[in-house]
Structures are given as structure tokens and as C-alpha cells.
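Beneath this line is the structure, given in C-alpha cells, with notes to follow.
Structure follows, in C-alpha cells:
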């Protein structure tokens, strides 16, 4: 059975559980490159044309999920 988190929960706990599930099922490089974009999933940093841009942890998790499911349509619940 998949892990679950009951309400109320902290964002830190949710992120840790998601990271554990991702490590278990998917392998994504710590640093992702696409054209002029570089994202470091470990340090939560993103760069476009070598200039740092602000990215929130939730946005980073969504991006990581979309990268892992390339060419797939995901529902809001799956993300």
C-alpha cells in the first residue's frame, strides 16, 4: 500500500514523504538541463541563461513530477 499523510500535516513532512516515494520509484538527476534552463533539485535553485530565478519548493516538486512523467498527461491529483 502507498504511504499516506493525514491532516493536519506540515509542509516539511509532506515534502519528505514525497521525496522518499520519488526515490523509491523514480530516478531523477539532481541537476536538470534543458536549453538555457538549469534546475538543481538538491539546492532548490533554478537558472535561466545563467541568471538565478526564484522558484518555490512546491513549484520545484511539480516540475520534478512533470519531468518524471514526460509525455504523459497527469491529473491534478496525480501531481
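Residue numbers (UniProt numbering): 1 to 79.
Glycine included, every Cβ here is placed at the ideal spot set by N, Cα and C.
Keep in mind the model is a prediction, meaning the values are calculated, not measured.
Check	Outcome
Between the CA atoms of residue 49 and residue 58 - distance to the nearest angstrom	22 angstroms
Candidates 72, 74, 55, of which the one nearest residue 43 by Cα	55
Own chain, CB closer than 8 angstroms to residue 13, minus 5 neighbours either side, in chain order	5
C-alpha gap between residue 38 and residue 65, whole angstroms	16 angstroms
Per-residue burial, residue 20 [other beta carbons within 10 Å of its own, 16 or more giving buried]	exposed
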